[in-house]
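One structure is given here, and the rest of the page talks about it.
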Amino acid sequence: MEFSWSALWNITDETPDNCQMFLNCKGMSLFLDCLKEFPDKQELHRNMLGLLGNVAEVRALRPQLLTPQFISVFSNLLDSKADGIEVSYNACGVLSHIVFDGPDAWAMEEPLRDMVMDKMMDAIQSWDVTSRRNINYRSFEPILRLLPQSIAPVSQHWATWALFNLVSVYPSKYCPLLIKEGGIVLLEKVLELQTSHEETKDMARKVMEQCENFKEDPMETTR
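Numbering (our numbering), first residue to last: 70 to 292.
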(Lines of atoms letter the chains of each structure in order from A and count residues from 1; the text may use other names and numbers.)
(Lines give C-alpha, C1' and ligand atoms only; values in the text may rest on other atoms or scores of the structure.)
Protein backbone atom coordinates (compact mmCIF):
# COMPACT_ATOMS: atom_id res chain seq x y z
CA MET A 1 0.00 0.00 0.00
CA GLU A 2 2.72 2.46 1.01
CA PHE A 3 4.75 1.52 -2.07
CA SER A 4 1.79 2.11 -4.40
CA TRP A 5 1.19 5.61 -3.05
CA SER A 6 4.93 6.31 -3.13
CA ALA A 7 4.99 5.33 -6.80
CA LEU A 8 2.02 7.63 -7.49
CA TRP A 9 3.80 10.42 -5.62
CA ASN A 10 6.83 10.00 -7.87
CA ILE A 11 4.98 9.85 -11.19
CA THR A 12 2.87 12.92 -10.41
CA ASP A 13 5.88 15.07 -9.50
CA GLU A 14 5.79 18.10 -11.83
CA THR A 15 3.65 16.04 -14.23
CA PRO A 16 0.22 17.72 -14.55
CA ASP A 17 -1.17 15.06 -16.91
CA ASN A 18 -0.57 12.33 -14.34
CA CYS A 19 -2.10 14.52 -11.62
CA GLN A 20 -5.19 14.92 -13.80
CA MET A 21 -5.31 11.16 -14.36
CA PHE A 22 -5.17 10.58 -10.60
CA LEU A 23 -8.24 12.77 -10.12
CA ASN A 24 -10.05 11.24 -13.10
CA CYS A 25 -9.53 7.76 -11.64
CA LYS A 26 -11.29 8.74 -8.40
CA GLY A 27 -8.02 9.12 -6.53
CA MET A 28 -9.51 11.47 -3.96
CA SER A 29 -12.12 8.89 -2.95
CA LEU A 30 -9.32 6.36 -2.52
CA PHE A 31 -7.39 8.88 -0.43
CA LEU A 32 -10.33 9.32 1.93
CA ASP A 33 -10.92 5.57 2.11
CA CYS A 34 -7.27 4.91 2.99
CA LEU A 35 -7.27 7.60 5.68
CA LYS A 36 -10.32 6.00 7.26
CA GLU A 37 -9.14 2.41 6.90
CA PHE A 38 -5.53 2.99 7.98
CA PRO A 39 -5.59 5.85 10.52
CA ASP A 40 -2.23 4.88 12.06
CA LYS A 41 -0.10 4.17 8.98
CA GLN A 42 2.25 7.14 9.13
CA GLU A 43 4.28 6.38 6.00
CA LEU A 44 1.06 5.90 4.03
CA HIS A 45 -0.25 9.29 5.17
CA ARG A 46 3.02 10.96 4.22
CA ASN A 47 3.02 9.45 0.75
CA MET A 48 -0.62 10.32 0.11
CA LEU A 49 -0.16 13.93 1.19
CA GLY A 50 3.01 14.19 -0.87
CA LEU A 51 1.06 13.14 -3.95
CA LEU A 52 -1.71 15.61 -3.20
CA GLY A 53 0.93 18.29 -2.87
CA ASN A 54 1.85 17.56 -6.49
CA VAL A 55 -1.80 17.85 -7.51
CA ALA A 56 -2.20 21.12 -5.62
CA GLU A 57 0.75 22.62 -7.51
CA VAL A 58 -1.33 22.46 -10.71
CA ARG A 59 -3.52 25.56 -10.69
CA ALA A 60 -6.10 24.15 -13.11
CA LEU A 61 -6.69 21.17 -10.81
CA ARG A 62 -6.97 23.02 -7.50
CA PRO A 63 -10.73 23.72 -7.80
CA GLN A 64 -11.27 19.96 -7.54
CA LEU A 65 -9.60 20.00 -4.12
CA LEU A 66 -11.57 23.01 -2.93
CA THR A 67 -14.53 21.28 -1.29
CA PRO A 68 -15.63 21.50 2.35
CA GLN A 69 -14.82 17.82 2.86
CA PHE A 70 -11.31 17.91 1.42
CA ILE A 71 -10.37 21.22 3.03
CA SER A 72 -11.57 19.96 6.42
CA VAL A 73 -9.49 16.80 6.03
CA PHE A 74 -6.36 18.75 5.04
CA SER A 75 -6.95 21.19 7.90
CA ASN A 76 -7.30 18.36 10.43
CA LEU A 77 -4.07 16.77 9.18
CA LEU A 78 -2.21 19.96 10.10
CA ASP A 79 -2.35 18.64 13.67
CA SER A 80 -0.81 15.30 12.72
CA LYS A 81 2.43 14.30 14.40
CA ALA A 82 2.82 11.31 12.08
CA ASP A 83 6.28 10.75 10.63
CA GLY A 84 7.73 13.77 12.41
CA ILE A 85 6.49 16.89 10.67
CA GLU A 86 6.00 15.30 7.24
CA VAL A 87 2.22 14.80 7.21
CA SER A 88 1.53 18.20 8.76
CA TYR A 89 4.06 19.83 6.41
CA ASN A 90 2.57 18.24 3.30
CA ALA A 91 -0.99 19.09 4.36
CA CYS A 92 0.10 22.68 4.86
CA GLY A 93 1.74 22.65 1.45
CA VAL A 94 -1.50 21.53 -0.19
CA LEU A 95 -3.42 24.28 1.58
CA SER A 96 -0.73 26.86 0.80
CA HIS A 97 -1.28 26.41 -2.92
CA ILE A 98 -5.07 26.43 -2.52
CA VAL A 99 -5.28 29.64 -0.46
CA PHE A 100 -2.77 31.23 -2.86
CA ASP A 101 -5.61 31.39 -5.41
CA GLY A 102 -7.20 34.10 -3.25
CA PRO A 103 -10.50 34.67 -1.45
CA ASP A 104 -12.55 34.84 -4.65
CA ALA A 105 -11.68 31.23 -5.46
CA TRP A 106 -12.80 30.10 -1.99
CA ALA A 107 -16.36 29.38 -3.09
CA MET A 108 -17.70 27.88 0.14
CA GLU A 109 -18.91 29.14 3.48
CA GLU A 110 -17.28 26.51 5.68
CA PRO A 111 -14.56 26.13 6.65
CA LEU A 112 -13.66 29.80 6.55
CA ARG A 113 -10.51 30.66 4.61
CA ASP A 114 -9.21 32.89 7.42
CA MET A 115 -9.68 30.13 10.00
CA VAL A 116 -7.81 27.64 7.83
CA MET A 117 -4.97 30.12 7.33
CA ASP A 118 -4.76 30.74 11.08
CA LYS A 119 -4.51 27.00 11.67
CA MET A 120 -1.79 26.74 9.03
CA MET A 121 0.24 29.44 10.78
CA ASP A 122 -0.14 27.68 14.13
CA ALA A 123 1.08 24.43 12.59
CA ILE A 124 4.13 26.03 10.97
CA GLN A 125 5.10 27.69 14.23
CA SER A 126 5.00 24.31 15.98
CA TRP A 127 7.57 22.69 13.67
CA ASP A 128 11.26 22.32 14.51
CA VAL A 129 13.22 24.05 11.76
CA THR A 130 16.15 21.67 12.35
CA SER A 131 14.00 18.63 11.50
CA ARG A 132 15.63 16.11 9.19
CA ARG A 133 13.35 15.30 6.27
CA ASN A 134 11.91 12.40 4.34
CA ILE A 135 11.55 14.48 1.21
CA ASN A 136 13.52 15.17 -1.95
CA TYR A 137 13.11 18.35 -4.00
CA ARG A 138 14.41 18.27 -7.56
CA SER A 139 13.23 21.85 -8.08
CA PHE A 140 12.08 24.67 -5.81
CA GLU A 141 9.89 26.24 -8.50
CA PRO A 142 6.54 25.28 -6.91
CA ILE A 143 7.73 26.74 -3.59
CA LEU A 144 9.32 29.84 -5.09
CA ARG A 145 6.12 30.92 -6.84
CA LEU A 146 4.54 31.39 -3.39
CA LEU A 147 7.14 33.97 -2.29
CA PRO A 148 6.55 37.26 -4.18
CA GLN A 149 2.85 37.67 -3.39
CA SER A 150 0.59 39.30 -0.84
CA ILE A 151 -2.71 37.49 -1.38
CA ALA A 152 -1.84 34.71 1.08
CA PRO A 153 0.94 35.64 3.52
CA VAL A 154 0.66 32.25 5.23
CA SER A 155 1.54 30.53 1.95
CA GLN A 156 4.58 32.77 1.71
CA HIS A 157 5.42 31.86 5.32
CA TRP A 158 5.17 28.12 4.59
CA ALA A 159 7.38 28.48 1.52
CA THR A 160 10.00 30.49 3.42
CA TRP A 161 9.98 28.01 6.30
CA ALA A 162 10.47 25.15 3.84
CA LEU A 163 13.50 26.86 2.30
CA PHE A 164 14.94 27.77 5.70
CA ASN A 165 14.65 24.18 6.91
CA LEU A 166 16.17 22.66 3.77
CA VAL A 167 19.12 25.03 3.35
CA SER A 168 19.88 24.79 7.07
CA VAL A 169 19.79 20.99 7.34
CA TYR A 170 21.05 20.11 3.85
CA PRO A 171 23.04 23.15 2.69
CA SER A 172 25.28 21.34 0.20
CA LYS A 173 22.25 20.05 -1.68
CA TYR A 174 19.78 22.90 -1.44
CA CYS A 175 21.81 26.12 -1.30
CA PRO A 176 23.10 25.61 -4.87
CA LEU A 177 19.60 24.69 -6.06
CA LEU A 178 18.04 27.77 -4.49
CA ILE A 179 20.72 30.06 -5.95
CA LYS A 180 20.46 28.42 -9.38
CA GLU A 181 16.68 28.85 -9.53
CA GLY A 182 16.74 32.54 -8.61
CA GLY A 183 15.45 32.14 -5.08
CA ILE A 184 17.59 34.88 -3.57
CA VAL A 185 15.95 37.59 -5.70
CA LEU A 186 12.50 36.33 -4.70
CA LEU A 187 13.45 36.32 -1.02
CA GLU A 188 14.55 39.93 -1.40
CA LYS A 189 11.05 40.70 -2.67
CA VAL A 190 9.61 39.08 0.46
CA LEU A 191 11.56 41.64 2.49
CA GLU A 192 10.10 44.48 0.42
CA LEU A 193 6.44 43.49 0.78
CA GLN A 194 4.52 45.22 3.56
CA THR A 195 2.19 42.22 3.84
CA SER A 196 5.01 39.83 4.74
CA HIS A 197 5.02 38.82 8.41
CA GLU A 198 8.09 39.91 10.36
CA GLU A 199 8.69 36.26 11.20
CA THR A 200 8.69 35.46 7.49
CA LYS A 201 11.13 38.26 6.76
CA ASP A 202 13.41 37.06 9.54
CA MET A 203 13.48 33.56 8.05
CA ALA A 204 14.05 34.98 4.56
CA ARG A 205 17.12 36.85 5.82
CA LYS A 206 18.44 33.68 7.44
CA VAL A 207 17.97 31.70 4.22
CA MET A 208 19.90 34.34 2.29
CA GLU A 209 22.61 34.38 4.96
CA GLN A 210 22.87 30.59 4.89
CA CYS A 211 23.33 30.58 1.12
CA GLU A 212 25.89 33.38 1.30
CA ASN A 213 27.82 31.45 3.94
CA PHE A 214 27.68 28.36 1.78
CA LYS A 215 29.11 30.22 -1.22
CA GLU A 216 31.97 31.46 0.95
CA ASP A 217 32.64 28.07 2.55
CA PRO A 218 30.97 25.13 0.73
CA MET A 219 32.56 22.62 3.13
CA GLU A 220 30.63 24.07 6.04
CA THR A 221 27.45 22.07 6.72
CA THR A 222 25.45 24.09 9.23
CA ARG A 223 25.61 27.32 11.12
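Where a beta carbon is used, it is the ideal one built from N, C-alpha and C, also for glycine.
When the options are compared against residue i, the one with the closest alpha-carbon
i: Pro-245; options: Glu-257, Met-277, Leu-216, Met-186; result: Met-277
i: Pro-211; options: Ala-125, Gln-133, Pro-132, Glu-268; result: Ala-125
i: Tyr-206; options: Leu-134, Leu-113, Glu-83; result: Glu-83
i: Gln-111; options: Asn-93, Leu-120, Ser-75, Ala-151; result: Ala-151
i: Ser-98; options: Arg-128, Thr-81, Met-117, Gln-225; result: Met-117
i: Ser-219; options: Ser-157, Trp-78, Ala-231, Pro-172; result: Pro-172
i: Asp-191; options: Arg-201, Arg-202, Ser-224; result: Ser-224
i: Ala-273; options: Trp-230, Gln-263, Gly-162; result: Trp-230
i: Ile-193; options: Asn-234, Ala-176, Gln-263; result: Asn-234
i: Met-90; options: Asn-123, Glu-267, Val-156; result: Asn-123
i: Pro-85; options: Met-70, Ala-129, Cys-94, Ala-76; result: Ala-129
i: Ser-144; options: Pro-180, Lys-249, Asp-170; result: Pro-180
Contacting residues, own chain, Cβ-Cβ under 6 angstroms from residue i (five flanking each side not counted)
i: Ala-283; result: Looking at the sequence itself, residue 283 is Phe, so the reference to Ala does not match. Pro-240, Cys-244, listed in sequence order.
i: Ala-174; result: none
i: Trp-78; result: Asn-116, Gly-119, Leu-120
7 angstroms Cβ shell around residue i - same chain, five flanking residues per side excluded
i: Gln-279; result: Val-236, Ser-237, Pro-240, Cys-244, Arg-292
i: Trp-74; result: Leu-113, Asn-116, Met-117, Leu-120
i: His-266; result: Pro-222, His-226
Spatial distance of residue i from residue j (CA atoms)
i: Phe-100; j: Ala-228; result: 25 angstroms
i: Lys-270; j: Val-259; result: 7 angstroms
i: Glu-281; j: Gly-96; result: 42 angstroms
i: Cys-88; j: Asp-286; result: 40 angstroms
i: Gly-251; j: Cys-94; result: 36 angstroms
i: Lys-188; j: Cys-161; result: 9 angstroms
Residues near residue i in its chain [Cβ-Cβ closer than 8 angstroms; skip 5 each side]
i: Asp-197; result: Ile-154
i: Leu-255; result: Leu-213, Leu-216, Pro-217
i: Met-177; result: Leu-135, Thr-136, Pro-137, Ile-140
i: Arg-182; result: Val-168, Pro-172, Trp-175
Span of the alpha helix (DSSP H) around residue i
i: Ala-221; result: Taken as a continuous stretch (DSSP letters only), Ala-221 belongs to no alpha helix (DSSP H), as it is neither H nor E.
i: Ala-76; result: 71-81
i: Arg-182; result: 182-195
i: Ser-157; result: 155-168
i: Gly-252; result: 252-261
Okay, do the segment 134-142 and the segment 106-118 touch, 3+ Cβ pairs below 8 angstroms being the bar?
-> no
contact_flag[the segment 165-183, the segment 208-223] where n(CB pairs < 8 angstroms) is 3 or more = yes
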